[in-house]
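*Asks:*
There are 2 protein chains.
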Amino acid sequence: MKDKFFTYIQNLQDTITSKLEEVDGKARFKEDVWKRPEGGGGRTRVIENGNVFEKGGVNISGVHGELPKSMQTYFDVADADFFACGLSLVLHPKNPMVPTVHANWRYFEIYNKQGELVDQWFGGGQDLTPYYLFEEDAVHFHSICKKACDKHNPEFYSKYKKRCDDYFWNTHRNEARGIGGLFFDYCKASEKMKMNDWYNFVSEVGDNFLSSYIPIVTKRKDAEFTKLQREWQEIRRGRYVEFNLVHDKGTLFGLKTNGRIESILMSLPPHVQWRYDHQPSSGSEEAKLLEVLKHPKEWV
Amino acid sequence: MKDKFFTYIQNLQDTITSKLEEVDGKARFKEDVWKRPEGGGGRTRVIENGNVFEKGGVNISGVHGELPKSMQTYFDVADADFFACGLSLVLHPKNPMVPTVHANWRYFEIYNKQGELVDQWFGGGQDLTPYYLFEEDAVHFHSICKKACDKHNPEFYSKYKKRCDDYFWNTHRNEARGIGGLFFDYCKASEKMKMNDWYNFVSEVGDNFLSSYIPIVTKRKDAEFTKLQREWQEIRRGRYVEFNLVHDKGTLFGLKTNGRIESILMSLPPHVQWRYDHQPSSGSEEAKLLEVLKHPKEWV
Chain A
9 MKDKFFTYIQ NLQDTITSKL EEVDGKARFK EDVWKRPEGG GGRTRVIENG NVFEKGGVNI
69 SGVHGELPKS MQTYFDVADA DFFACGLSLV LHPKNPMVPT VHANWRYFEI YNKQGELVDQ
129 WFGGGQDLTP YYLFEEDAVH FHSICKKACD KHNPEFYSKY KKRCDDYFWN THRNEARGIG
189 GLFFDYCKAS EKMKMNDWYN FVSEVGDNFL SSYIPIVTKR KDAEFTKLQR EWQEIRRGRY
249 VEFNLVHDKG TLFGLKTNGR IESILMSLPP HVQWRYDHQP SSGSEEAKLL EVLKHPKEWV
Chain B
9 MKDKFFTYIQ NLQDTITSKL EEVDGKARFK EDVWKRPEGG GGRTRVIENG NVFEKGGVNI
69 SGVHGELPKS MQTYFDVADA DFFACGLSLV LHPKNPMVPT VHANWRYFEI YNKQGELVDQ
129 WFGGGQDLTP YYLFEEDAVH FHSICKKACD KHNPEFYSKY KKRCDDYFWN THRNEARGIG
189 GLFFDYCKAS EKMKMNDWYN FVSEVGDNFL SSYIPIVTKR KDAEFTKLQR EWQEIRRGRY
249 VEFNLVHDKG TLFGLKTNGR IESILMSLPP HVQWRYDHQP SSGSEEAKLL EVLKHPKEWV
């Protein structure tokens, strides 16, 4: 399974980066291949200063070795070895009418000291962070998520949509980071879902990523915007930074376990603003977005 | 003591904000007085878009009531009441040749459920975060810190300077946030230092703040700078954000105990950039700064 999924995300990285370069039409991904001293490594691909994408990364990694102490505590296991691989992407478009998107699909294996596989699971998801709310875009993104889920289990979409709303909640601001999508974790073999069924589910979601996001980009990338709208985007990006640095388990985990910093923090937006006590005027488009972030809704 | 120190920081806030407005020459502090539902409140003063100060806050608060559960765990005490007051300031100048400065001086009391005072201490410090290194500025700032310390104990400066270097260490970047200053905490009554001696020490440090910082501002505020130097400042401000959101105990504590968010996050810089794997060219002024941040040095 680990070879199968690692091959899958390698190919998916190629598919996604090619398509994004085509849509951008100007910038190319810069690739950094890195090695982890304790075992494994990754292939980071970053795009900057494009026509469409101001900054973004589509990274894969496959790491293995002794499970670090901090992860032993986190997973509540004794001395063990592990293998983990995944694809993580974040795209920050230039135009404030185009939403930021994040996705991550990952697979984990744990072995005892005799080298026997003792646990394995999939995790992942994807979510959208608009700066201006176009209901049809939200409906489109969630519809694709739902369609991919429904093929595997009619209950997955509503369950993983709710988990996504719960996870990407900026508690100190009492608002969501964005308008959600899917979030699933610890997807382990059961009567109903063998590991291969989970593989099929996760790869279905991964395969549908481009069709969930690209039509929105294509529709909005040339929209006109004002200086004030751009400022609003930069201020909202501040909330994105706050979530990632204060609450996001993946980011903090990486920072505290000596992960490759530049690959982890590629998720941070390029230009960001913080103003004191900034409030949009009531009835504005900006206020309309906040309303939805404070009260996550059902899009499909 | 609590009334004495609270009066002290109220006056100090006035002194500092008046002087900063005078130096800025354009922007004025905007004041927000707020109440904490559980007891006490604060007076937040924020300056934005000045000639000199792009964003900054000089805030005081005095809060009291039942010690929140999270603080009980933190201080390792049972059910108790508390009083805490302090002044916190952060100034982000526009000109990249002028360093950012942070300071905080605080006083804490703990009472048992019979209302008896069971513990009390002072804490605080101040530190400088330059974007370009002028050795004479670093020496000036540290000299004033040392002079204030030396009047009370010849060992304080080297002890609190080291604690400051340790505390403001951005572990995930393996570099200091800035060039340090002073950091002290849990300053409790002893044979040598009664509470009133600590009051005298902390107020000495507070009284010397303006003379540690303002001469540097005056000397550098009209320096010419390039677009690239401004970009470097914005990139380095990103490290400031990373420290405050990932490592700073005061910030995280505030965010996780339902503090007044806008007063806590006024510390974040106004315009910030993150670029992928940005490295200054070797031998440059930017590289010279990094060298000092990676290897904190003795300035006096």
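As given, the protein sequences belong to chains A and B, one line each in that order. Residue 9 is where the first sequence starts when you use my numbering, and the numbers rise one by one after that. Residue 9 is where the second sequence starts when you use my numbering, and the numbers rise one by one after that. All C-beta atoms, glycine included, are put in the ideal place defined by N, C-alpha and C.
Applying a beta-carbon distance threshold of less than 7 Å, which residues of chain B neighbour A/GLU270?
*Replies:* Here the question's residue 270 of chain A lines up with position 262 in the first sequence. Residues of chain B passing the Cβ test: TYR284 and ASP285.
*Asks:* Check the Cβ-Cβ distances between B/VAL213 and every residue of chain A, and say whether any is below 9 Å.
*Replies:* As a working mapping, residue 213 of chain B is identified with position 205 in the second sequence. Chain A contact via Cβ: absent.
*Asks:* Look up B/ASP127 in the DSSP assignment and give the residues it is bridged to.
*Replies:* The sequence position of residue 127 of chain B within the second sequence is 119, counting from 1. Its beta-bridge partners are B/ILE118.
*Asks:* Alpha carbon to alpha carbon, what distance is there between A/HIS100 and A/GLN128?
*Replies:* By 1-based counting over the first sequence, the position of residue 128 of chain A is 120. By 1-based counting over the first sequence, the position of residue 100 of chain A is 92. Approximately 32 Å between the Cα atoms of the pair.
*Asks:* Per DSSP, A/LYS43 is paired with what?
*Replies:* The count along the first sequence starts at 1 and reaches residue 43 of chain A at position 35. Bridge partners of A/LYS43: A/GLY49.
*Asks:* By how many angstroms is the C-alpha of B/GLY47 removed from the C-alpha of B/GLY267?
*Replies:* As a first step, residue 267 of chain B must be located in the second sequence, where it is residue number 259. As a first step, residue 47 of chain B must be located in the second sequence, where it is residue number 39. Approximately 12 Å, taken between the alpha carbons.
*Asks:* Taking B/GLY246 as the reference, which of B/PRO277, B/LYS257 and B/GLU232 has the closest Cα?
*Replies:* What you label residue 246 of chain B is simply residue 238 of the second sequence in a count that begins at 1. Among B/PRO277, B/LYS257 and B/GLU232, the Cα nearest to that of B/GLY246 belongs to B/PRO277.
*Asks:* When the Cα atoms are used, what is the spatial distance from B/ALA184 to A/MET201?
*Replies:* The residue given as residue 184 of chain B occupies position 176 in the second sequence. The residue given as residue 201 of chain A occupies position 193 in the first sequence. One C-alpha to the other measures close to 49 Å.
*Asks:* Take A/GLY262 and list the residues in its own chain whose beta-carbon comes closer than 7 Å to its own, dropping the five residues that flank it on each side.
*Replies:* Locating residue 262 of chain A in the first sequence gives position 254, counting from the first residue. So the qualifying residues of the chain are ILE272.
*Asks:* Cβ closer than 8 Å: which chain A residues qualify as neighbours of B/PRO277?
*Replies:* Residue mapping note: residue 277 of chain B aligns to position 269 of the second sequence, counting from 1. By Cβ distance, chain A contributes TRP282.
*Asks:* What residue does the alpha helix (DSSP H) around A/LEU20 start on, and which one ends it?
*Replies:* Within the first sequence, the letter at position 12 stands for residue 20 of chain A. Run containing A/LEU20: 10-32, per the alpha helix (DSSP H) assignment.
*Asks:* Do you know whose CA, among A/ASN112, A/ASN216 and A/TYR82, lies nearest A/GLY94's CA?
*Replies:* Mapped onto the first sequence, residue 94 of chain A falls at position 86. Ranking the options by Cα distance to A/GLY94, first place goes to A/ASN112.
*Asks:* If you measure between the beta carbons of B/GLY214 and B/CYS172, is that distance less than 9 Å?
*Replies:* Numbered from 1 along the second sequence, position 206 holds the residue referred to as residue 214 of chain B. Numbered from 1 along the second sequence, position 164 holds the residue referred to as residue 172 of chain B. No, the pair does not count as a contact, with Cβ atoms beyond the cut-off.
*Asks:* Where in the region 169-251 of chain A do unbroken runs of the alpha helix (DSSP H), each at least 4 residues long, occur, reported from the N-terminal end onward?
*Replies:* With a minimum length of 4 residues, the continuous alpha helix (DSSP H) runs that stay inside the region 169-251 of chain A are 203-215, 217-228 and 235-250.
*Asks:* Per DSSP, A/PHE61 is paired with what?
*Replies:* For the purposes of this step, residue 61 of chain A is taken as residue 53 along the first sequence, with counting starting at 1. Per DSSP, A/PRO101.
*Asks:* So for B/VAL85, helix, strand or coil by DSSP?
*Replies:* To locate residue 85 of chain B, count along the second sequence from 1; it is residue 77. Of the three classes helix, strand and coil, the one that applies to B/VAL85 here is coil, per DSSP.
*Asks:* How about A/PHE142 and A/PHE209: do their beta carbons lie closer than 9 Å?
*Replies:* Taking the first sequence and counting its residues from 1, one reaches residue 142 of chain A at position 134. Taking the first sequence and counting its residues from 1, one reaches residue 209 of chain A at position 201. Contact: no.
*Asks:* Over what stretch of residues does the alpha helix (DSSP H) that includes B/VAL6 continue unbroken?
*Replies:* Limits of chain B in this structure are 9 at one end and 308 at the other, which puts residue 6 of chain B out of reach.
*Asks:* Note down the Cα distance separating B/GLU74 from B/GLU117, rounded to an integer number of angstroms.
*Replies:* One-based indexing of the second sequence puts residue 74 of chain B at position 66. One-based indexing of the second sequence puts residue 117 of chain B at position 109. Distance between the alpha carbons of B/GLU74 and B/GLU117: 12 Å.
*Asks:* Does the CB of A/GLU39 have a neighbour CB from chain B at under 9 Å?
*Replies:* The sequence position of residue 39 of chain A within the first sequence is 31, counting from 1. No - not a single Cβ of chain B is within 9 Å of the one on A/GLU39.
*Asks:* If the criterion is Cβ atoms closer than 9 Å, does the pair B/GLU270 and B/THR52 meet it?
*Replies:* Walking along the second sequence from the start, residue 270 of chain B turns up at place 262. Walking along the second sequence from the start, residue 52 of chain B turns up at place 44. Yes, the pair counts as a contact, with Cβ atoms nearer than the cut-off.
*Asks:* On the premise that B/TYR284 lies in contact with A/GLU56, defined as a C-beta separation below 8 Å, what is that separation, rounded to the nearest angstrom?
*Replies:* Taking the first residue of the first sequence as position 1, residue 56 of chain A is located at position 48. Taking the first residue of the second sequence as position 1, residue 284 of chain B is located at position 276. The Cβ separation is near 6 Å, so the contact holds.
*Asks:* If you reduce the DSSP assignment to three classes, tell me which class B/ALA295 lands in.
*Replies:* Within the second sequence, residue 295 of chain B is the residue found at index 287, counting from 1. If DSSP states are grouped into helix, strand and coil, B/ALA295 belongs with the helices.
*Asks:* Provide the residue span of the alpha helix (DSSP H) that contains A/PHE37, from first to last.
*Replies:* For the purposes of this step, residue 37 of chain A is taken as the residue at position 29 of the first sequence. Looking at the DSSP string, A/PHE37 is not in any alpha helix (DSSP H), and its letter there is neither H nor E.
*Asks:* Pull up the distance between the alpha-carbon of A/ARG228 and that of A/LYS102, whole angstroms please.
*Replies:* Position 220 of the first sequence holds residue 228 of chain A. Position 94 of the first sequence holds residue 102 of chain A. Going by the C-alpha atoms only, they are around 11 Å apart.
*Asks:* For a contact defined as C-beta to C-beta under 8 Å, what are the partners of B/GLU56 on chain A?
*Replies:* Here residue 56 of chain B is taken as the residue at index 48 of the second sequence, counted from 1. Those are ARG283 and TYR284, listed as they occur along chain A.
*Asks:* Give the single residue among B/TYR119, B/LYS121 and B/GLY186 whose Cα lies nearest to the Cα of B/PHE149.
*Replies:* Indexing the second sequence from 1 puts residue 149 of chain B at position 141. If we check each option's Cα against that of B/PHE149, B/GLY186 comes out closest.
*Asks:* Cβ of A/LYS77 less than 9 Å from any chain B Cβ?
*Replies:* Position 69 of the first sequence, counting from 1, holds the residue named residue 77 of chain A. So, not an interface residue.
*Asks:* If you drop the 5 nearest sequence neighbours on each side, which residues of the same chain put their C-beta closer than 6 Å to that of B/CYS157?
*Replies:* Taking the second sequence and counting its residues from 1, one reaches residue 157 of chain B at position 149. Taken in chain order, the residues that qualify are PHE164 and TYR165.
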